[in-house]
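K.L.:
Residue numbers (the UniProt record's numbering): 1 to 436.
Yeah, the Cβ is synthetic: ideal placement off N, Cα and C, and Gly gets one too.
1. Would residue 8 and residue 135 be called neighbours here (beta carbons separated by less than 7 Å)?
2. Between residue 293 and residue 12, which are expected to be in contact by the criterion C-beta below 8 Å, what is the C-beta distance as a whole number of angstroms?
3. Could you tell me which whole alpha helix (DSSP H) segments of length 4 or greater appear in the region 342 to 379?
4. Opposite residue 433 in the DSSP bridges: which residues?
5. Our contact map puts residue 347 next to residue 376 with C-beta atoms below 8 Å; I'd like the distance itself, whole angstroms only.
6. Taking only three categories from DSSP, how would you classify residue 308?
7. What are the start and end residues of the beta strand (DSSP E) that includes residue 315?
8. Measuring alpha carbon to alpha carbon, tell me which of 179, 225, 132 and 434 ends up nearest residue 280.
9. What runs of the alpha helix (DSSP H), each 4 residues or longer, lie entirely inside the region 119 to 175?
10. Taking its Cβ as the centre, do 16 or more other Cβ atoms sit within 10 Å of residue 317, making it buried, or is it exposed?
11. Straight-line CA distance for residue 137 to residue 396?
12. Where does residue 9 sit, in a helix, a strand or coil, going by DSSP?
13. Just how far apart, CA to CA, sit residue 204 and residue 143?
14. Give the range of the alpha helix (DSSP H) segment to which residue 60 is assigned.
15. Answer yes if the region 89 to 105 comes into contact with the region 18 to 34, meaning at least three C-beta pairs across the two stretches below 8 Å, and no otherwise.
16. At which residues does the alpha helix (DSSP H) containing residue 285 begin and terminate?
17. CA-CA distance, residue 172 and residue 164?
18. Can you name, in chain order, every residue of its own chain whose Cβ lies under 7 Å from the Cβ of residue 405, other than the five neighbours on each side?
19. How big is the Cα-Cα spacing for residue 291 and residue 361?
20. Let me check understanding here. Comparing Cα to Cα, which of 121, 139, 96 and 84 lies closest to residue 111?
21. By DSSP, does residue 244 sit in helix, in strand, or in coil?
22. Count the other C-beta atoms from every protein chain shown that fall within 10 angstroms of the C-beta of residue 257, then say buried if there are 16 or more, exposed otherwise.
23. Looking at the ligand GDP, does it come within less than 6 Å of residue 301, judged from the CB to the closest heavy atom?
24. The alpha helix (DSSP H) spanning residue 337 covers which residue range?
25. What does the Cβ neighbour count give for residue 314, buried or exposed, with the cut at 16 atoms within 10 Å?
26. Going straight from the alpha carbon of residue 436 to that of residue 349, what length do you get?
27. Could you give the distance in angstroms between the alpha-carbon of residue 382 and the alpha-carbon of residue 36?
28. Suppose contacts are defined by Cβ-Cβ distances below 7 Å. Is residue 306 in contact with residue 288 by that definition?
29. Give me whichever residues DSSP pairs with residue 210 in a beta bridge.
30. What separation, rounded to the nearest whole angstrom, lies between the Cα atoms of residue 268 and residue 296?
31. According to DSSP, residue 415 sits in a beta bridge with which residue or residues?
32. In this structure, how does DSSP classify residue 232 when only helix, strand and coil are distinguished?
33. Who are residue 329's beta bridge partners in DSSP?
34. On a Cα-Cα basis, can you pick out the residue from 52, 3 and 44 that is closest to residue 22?
35. Who are the Cβ neighbours of residue 330 in its own chain at under 8 Å, not counting the five residues just before and after it?
36. Let me make sure I understand the geometry here. Which of 43, 194, 88 and 191 has the alpha-carbon closest to that of residue 17?
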């Protein structure tokens, strides 16, 4: 069975066994949540169980009886606590879970097909946070969700420091300064520093949120605004799309400075301009995310009143002076135009760069400004050839299947056209045309 996506969940042991004993109410809610996600959204979950209070109880008991327990033995006590917690989780999902708990990461069985896979700790020196990062690497996941007993990560421990502030979004660089670089069994930090280092190296995004708030988790999984902390490899704002992004291979390479880069951009935009002119027949077009304005240029040569809007000041600075007067600095979430201003509003590989919870707003803005059609070329999971050709772009934070996007349009009452528009193979591009 092919799943829409694989979700790596690091399930804190403090959620399974808080200080008062096993939390059966949470486990019942968690069971319902996971099964709903599988049946409604065809998702697969790899759940890594932590040790929590059980691990701490055994470590404390060992230290109390013999005075000092070696670091290896402290680790092993914690590892076995994660395994009993994992066994409980696998028992709950027994009918849909893989038969074996992953506890030896060098002997994982290939081709596991079940919608739930449960994992536990492996060996001394490896926290379950680190194990979760390793699983994300194995399954090529770019997002890892950490279900904790806190709502968000803070700048300091709020129980001790009254000036501690919640962090909604941060980078690994700042977060690693916050938590330090050493890890010891049972240490009280929101994320293992060694795992954080590996996550940064892999370019992972980690989301930390309170696991008992099921309604908030549902918001996260359905792309709505949620309460939690997002830790990213970079700060994804307008400043990200700078010279390094366009010229040095962070996103593109040689977009405006190298012959091959300029040739690809020009050929692509000539083709796009012709297809829009011939098949949509617009009098006016807004290109959202226009970069240096090549599409605007070729549409205007074809007699279309085309304009562009772009969030990158660097890209706008590199635009041809003759085209620059038709371009404007701005954001897709707040388009600076009146409603029904353009026959067609177009985006080319823009929507995949927008956080999932902001996508409905972006789509609404495009639809508001359009009179007739919205044209969206979206980078999807089917476009494997383009991924291979261009490489991985760190700023693509919303890469989903064609079916996922169609469901998103439907949920937002956006109607796809039945008309014909030529497109390349799905391994190269995915196009959507919305009728106003």
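P.N.:
On the basis of the coordinates in this document:
1. Here residue 8 is taken as the residue at index 8 of the chain shown, counted from 1. Here residue 135 is taken as the residue at index 135 of the chain shown, counted from 1. Less than 7 Å divides the Cβ of residue 8 from the Cβ of residue 135.
2. Locating residue 293 in the chain shown gives position 293, counting from the first residue. Locating residue 12 in the chain shown gives position 12, counting from the first residue. In fact, because the Cβ distance is near 49 Å, the residues do not count as touching under 8 Å.
3. 359 to 369
4. Against the chain shown, residue 433 aligns to sequence position 433. Bridge partners of residue 433: 375.
5. The residue labelled residue 347 in the question sits at position 347 within the chain shown. The residue labelled residue 376 in the question sits at position 376 within the chain shown. At roughly 5 Å, the Cβ-Cβ gap stays under 8 Å, so residue 347 and residue 376 are in contact.
6. Here residue 308 is taken as the residue at index 308 of the chain shown, counted from 1. Shown here, residue 308 sits in a strand according to DSSP, grouped into three states.
7. Indexing the chain shown from 1 puts residue 315 at position 315. It is not in any beta strand (DSSP E) - residue 315 instead sits in the alpha helix (DSSP H) that spans 313 to 317.
8. For this step, residue 280 is matched to residue 280 along the chain shown. Of the candidates 179, 225, 132 and 434, the one whose C-alpha sits nearest the C-alpha of residue 280 is 434.
9. Counting only runs of 4 or more, we get 128 to 138.
10. In the chain shown, residue 317 corresponds to position 317, counting from 1. By the 10 Å Cβ count, residue 317 comes out exposed.
11. In the chain shown, the residue the question calls residue 137 occupies position 137. In the chain shown, the residue the question calls residue 396 occupies position 396. Near 17 Å, if we compare the C-alpha coordinates of residue 396 and residue 137.
12. The residue given as residue 9 occupies position 9 in the chain shown. Residue 9 falls in the strand class under three-state DSSP.
13. Locating residue 204 in the chain shown gives position 204, counting from the first residue. Locating residue 143 in the chain shown gives position 143, counting from the first residue. The alpha-carbon atoms of residue 204 and residue 143 are separated by roughly 6 Å.
14. In the chain shown, counting from the first residue as 1, residue 60 sits at position 60. First-last of the alpha helix (DSSP H) with residue 60: 52 to 66.
15. yes
16. Within the chain shown, the letter at position 285 stands for residue 285. Run containing residue 285: none in the alpha helix (DSSP H); it sits in the beta strand (DSSP E), 284 to 288.
17. Within the chain shown, residue 172 is the residue found at index 172, counting from 1. Within the chain shown, residue 164 is the residue found at index 164, counting from 1. Roughly 19 Å between the two C-alpha positions.
18. What you label residue 405 is simply residue 405 of the chain shown in a count that begins at 1. These residues qualify, in order along the chain: 378, 380 and 432.
19. The residue given as residue 291 occupies position 291 in the chain shown. The residue given as residue 361 occupies position 361 in the chain shown. Cα-Cα distance, rounded: 21 Å.
20. Taking the chain shown and counting its residues from 1, the one referred to as residue 111 is at position 111. When only C-alpha atoms are compared, the closest one is 139.
21. Position 244 of the chain shown, counted from the start, is the residue given in the question as residue 244. Legend: pLDDT at residue 244 = 48, less than 50; position of this residue unreliable, value from coordinates given subsequently. Reduced to three states, the DSSP call for residue 244 is helix.
22. Residue mapping note: residue 257 aligns to position 257 of the chain shown, counting from 1. Any reading at residue 257 must be qualified, since the residue scores a pLDDT of 46, below 50, and its modelled position is unreliable; the value itself is stated next. Classification of residue 257: exposed, given that the 10 Å Cβ count is below 16.
23. This structure lacks the ligand GDP; in fact it carries no ligand of any kind.
24. Indexing the chain shown from 1 puts residue 337 at position 337. For residue 337, there is no enclosing alpha helix (DSSP H), as DSSP marks it with neither H nor E.
25. Numbered from its first residue, the chain shown carries residue 314 at position 314. Counting Cβ neighbours within 10 Å, residue 314 comes out buried, since at least 16 surround it.
26. By one-based count along the chain shown, residue 436 stands at place 436. By one-based count along the chain shown, residue 349 stands at place 349. When rounded, the distance between both Cα atoms is 21 Å.
27. Position 382 of the chain shown, counting from 1, holds the residue named residue 382. Position 36 of the chain shown, counting from 1, holds the residue named residue 36. Annotation: residue 382 to residue 36 spans about 25 Å, alpha carbon to alpha carbon.
28. If you number the chain shown from 1, residue 306 lands on position 306. If you number the chain shown from 1, residue 288 lands on position 288. Cβ atoms of residue 306 and residue 288: not closer than 7 Å.
29. Taking the first residue of the chain shown as position 1, residue 210 is located at position 210. Paired residue(s): 148.
30. Sequence index remark: in the chain shown, residue 268 carries index 268 (1-based). Sequence index remark: in the chain shown, residue 296 carries index 296 (1-based). Approximately 12 Å, taken between the alpha carbons.
31. Taking the first residue of the chain shown as position 1, residue 415 is located at position 415. Answer is 435, bridged to residue 415.
32. Position 232 of the chain shown, counted from the start, is the residue given in the question as residue 232. If DSSP states are grouped into helix, strand and coil, residue 232 belongs with the strands.
33. The sequence position of residue 329 within the chain shown is 329, counting from 1. Residue 329 pairs with 310.
34. On the chain shown, position 22 is the one that residue 22 refers to. Of the candidates 52, 3 and 44, 52 places its Cα closest to the Cα of residue 22.
35. Indexing the chain shown from 1 puts residue 330 at position 330. Within the same chain, residue 330 has close Cβ partners 309, 310, 311 and 336.
36. Within the chain shown, residue 17 is the residue found at index 17, counting from 1. Residue 17 has its Cα closest to that of 88, out of 43, 194, 88 and 191.
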